[in-house]
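Encoded as structure tokens, the structure appears first; notes follow it.
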Amino acid sequence: MRAAGPRSGTITGMSKPSPSSISPEAAFGLATPYRDVTCGELRAADAGREVRVSGWVHRRRDYGGLHFIDLRDRYGLTQIVFNEAEAPEAAEIAARVRNEFVLEVRGIVALRLDGTANAKLATGDIEVKAASVTVLSESETPPFYINEPDAPVDENLRLRYRYLDIRRRPMVERLMLRSRMVQAIRECHHRAGFIEIETPILLKSTPEGARDFIVPSRLQPGSVYALPQSPQQLKQLLMVAGMDRYFQIARCFRDEDLRGDRQPEFTQLDLEMSFVDEQRVMDFVEAMILEVSKSVVPDRQIQQVPFPRIDYHEAMERYGSDKPDIRFGLELVDLAPSITALPGRGEGLTGFRVFDEALAAGGRVKAIAAPGMADSSRSQIDELVGFARRFGAKGLAHVSVGADGAGASPIAKFLGEDGIAAIVKAAAAVAGDLILIVADADHDVVADVLGRLRQELGLRLGLADENVLAYCWVYHFPMYHWDAEKSRWDATHNPFSGVVPEDVELLVTESGDPYAPSHQDPAGRARAMQYDVALNGWELGGGSVRIHKRELLERSFALQGYSLEQMHERFGGILEAFDYGAPPHGGIAMGIDRWAALLTHQTNIREVMAFPKTQSGADPMLGAPSEPEPEQYSELGLRFVGVQSSSTPVKPQ
RNA sequence: GGGCUCGUGGUGUAGCGGCCUAACAUGCCAGCCUGUCACGCUGGAGAUCGCCGGUUCGAAUCCGGUCGAGCCCGCCA
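Our numbering numbers the first residue of the first sequence as 1313 and each following residue consecutively.
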């Protein structure tokens, strides 16, 4: 089983490459000095061919004088037969080979014996009768199953041996799908006249948004670069530069805590277009998304085309989310109109103090009706109450609808039978429903809690069809939200987002001093020319038509609490650029990892990344992050003085 | 910064105060087997139960700490 002696008849081992003598087709082909065909391509029609194949030993079946080896590569599996009677030398090697050895096999393609074809394999009609075999590489016993796609493996172990994990079929398929996806994206953009431009990874730090990753400069000790959170400013500068349509598959970095859908480095499809309005950007992006989806996952049903376009306020009212999962209903219902109009209570009162106080404070009482949950146990209800409390609700009232269609509830003693009946009617609830009610003075809390409950219950109750892709747009987000701590209006998405034309006049302060924003400012009502695209309850991407006039940009920045000096300190480059003829422009950024995850039925973007990090930002395979060498410190003029947090760097193994 | 869950032969799990000299499956090793494809049969090796400390007559099991992983809140668009 040690590598067989010198190989004859192949060109491996040749030490002096000569000028090419093969055709471009052959050069682009998969054949190499080690193989004529891959492990996935032989068919019945190939019977009789003499071939070389190379790959990994996927599985062995040993019958003494007869050995089967399934040889594996990225393209598939091919069964190799070693027969002691026909090729004793090869059979002897085969008997001693183990899983994950790398072999080169020469032999004849043969139809399998009658009744022994394997319908589960694309190559199942044939096998290669081995004439000779070379062990190209031996392997230790792998630390987990590579040949059983469904076997669960501890994720840390997978990451530590990622190169083995990637050999497993599900990972191969996900990475191949992602590659096809990016290819389809590129094709769409090139067809639409976009040009792909790379932007720097070493950028200037901006204190806005997420925490930057910092790279110290050796040439300018004491100064740092920042890794891009996104190429936002650069793509706008490319529009000023007249590139008209730019895109990039861009790596982005954010030094924030990780989640299943968040890694410190991730990939965005970043694009920007000149001379466009919201409609034009959304039209292109939607067409591109459709084409990519159809090309990559042709069997997945797309819920609605054209994609629904939902106004932000409507999204919050109906779904309690700015990234609604529209595969199912379970919509939020406003109960206030029905339960404040009943006889026998005071004007506008419901009789239930919790509701009345919320409404009196300008809040809301809203509900969802969960089908089939009326018979929930006390502990199941308690669990839902706990869920609601985690997200800021003070409580969660419920009404269960019995077989007769009548509601029963602990709060019936406050609301009265007619109050409960009004709730059942308003919620359009039917027998078996459990109506869940949140009341709060803060509308955002009501929407958020019910929105999360809606999403959670939609998945738990199986209301969301896993095969459906439900894309939708949410547009006209508020320009700003009030940052009480810093006493300024904070950009909801990005500080360059444009305001919808009819709201331009709202970009003023109540005091009249543009640098003295307050909570009462009309700016709080201004809507942005900003759109997000959501897929099955995940935010896939977001963008906007930008402000391209310097005067308006300065007004918007003033509301965001930037003095003139700060504005120039942070955004001087782009402000100056806007003095030299900026075209109207807009664009979007989409999370490639999230998109790939959703297209492969994953809930975790690590599953579509070749080398992701753990939740503590570590790479268990490479041992990153690691301590720098002392020379690296001194060259950069740095010294480690300790950290306040308790996180400990991971030691390389 | 916080909450929850998990850590037992190579892998995945069971065991949750004494009956554990730690079980099962698979993998691994050896032998047999010429038509299998998760081959089969026989035999064998392999874990001081993440680590440290405590409680107890007795700890894989209970408690505290710590390290690591995952999910979530905060954070992040």
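We treat Cβ as the ideally placed atom computed from N, Cα and C, and that holds for glycine. Note that the structure is a prediction, hence the values are computed from the model and not measured.
Query	Result
7 Å Cβ shell around K1706 - same chain, five flanking residues per side excluded	D1752
Environment of H1501 [buried if 16+ CB atoms lie within 10 Å]	buried
Whether L1746 touches F1640 by CB criterion (8 Å)	no
Minimum length 4: unbroken alpha helix (DSSP H) runs contained in the stretch 1690-1760	1690-1702, 1724-1738
Residue closest to H1378, alpha-carbon to alpha-carbon, out of V1363, G1367, E1401, R1386	The identity of residue 1378 in the sequence shown is Leu, whereas the question assumes His. Out of V1363, G1367, E1401, R1386, E1401 has the C-alpha closest to the C-alpha of L1378.
Whether V1677 touches V1713 by CB criterion (8 Å)	no
Proximity below 8 Å, CB of S1451 to CB of E1412	yes
Which listed residue (L1654, H1805, L1781, M1685) has its alpha carbon closest to that of I1732	L1654
Which listed residue (E1362, R1486, T1435, T1446) has its alpha carbon closest to that of N1916	R1486
Best match in V1465, F1664, S1607, S1938 for proximity to I1749 [C-alpha to C-alpha]	F1664
Spatial neighbours of I1693 in its chain, beta-carbon cut-off 7 Å, leaving aside the 5 residues before and after	H1710
Spatial neighbours of I1900 in its chain, beta-carbon cut-off 7 Å, leaving aside the 5 residues before and after	L1583, V1593, V1597, G1853, G1854, G1855
Distance between R1862 and A1889 (C-alpha atoms, nearest Å)	9 Å
Contacts around V1494, its chain only, beta-carbon distance under 8 Å, and the 5 residues preceding and following it disregarded	I1561, I1904
Minimum C-alpha distance to Y1346 - residue among E1629, G1698, P1336, G1419	G1419
V1820 versus I1507: straight-line alpha-carbon distance, rounded	38 Å
Secondary structure of E1508, DSSP reduced to three states	strand
Delimiting residues of the alpha helix (DSSP H) encompassing D1668	1665-1672
Environment of K1328 [buried if 16+ CB atoms lie within 10 Å]	exposed
Reduced DSSP category for H1805 - H, G, I as helix; E, B as strand; rest coil	coil
In chain order, each alpha helix (DSSP H) run of at least 4 residues that lies wholly inside the stretch 1450-1537	1467-1472, 1474-1477, 1481-1503
Proximity to H1897 [Cα-Cα], best of S1330, Q1544, V1845	Q1544
Coarse secondary structure for R1372, derived from DSSP in three states	strand
Every unbroken beta strand (DSSP E) within the stretch 1399-1424, with a cutoff of 3 residues, ordered by chain	1414-1423
Integer Cβ distance of Q1575 from K1925, believed to fall under 8 Å	6 Å
Through-space distance from V1617 to V1440, alpha-carbon basis	48 Å
Beta-carbon spacing of L1644, E1626 below 8 Å	no
Which residues DSSP lists as bridging A1254, in chain order	The requested residue 1254 is not part of the displayed model; the chain covers only 1313 to 1965.
Under the three-state DSSP convention, the category Y1558 falls into	strand
F1394: first and last residue of the uninterrupted alpha helix (DSSP H) it sits in	No alpha helix (DSSP H) contains F1394, which is instead part of the beta strand (DSSP E) from 1388-1395.
Simplified DSSP state of H1793, which is helix, strand or coil	strand
Extent of the continuous alpha helix (DSSP H) to which F1340 belongs	1336-1340
The stretch 1759-1777 contacting the stretch 1665-1684, beta-carbon criterion three pairs below 8 Å	yes
Segment contact, 8 Å Cβ cut-off, at least three pairs: the stretch 1463-1474 with the stretch 1380-1395	no
Contact check, V1920 vs A1909, beta carbons under 8 Å	yes
Whether P1636 touches A1846 by CB criterion (8 Å)	yes
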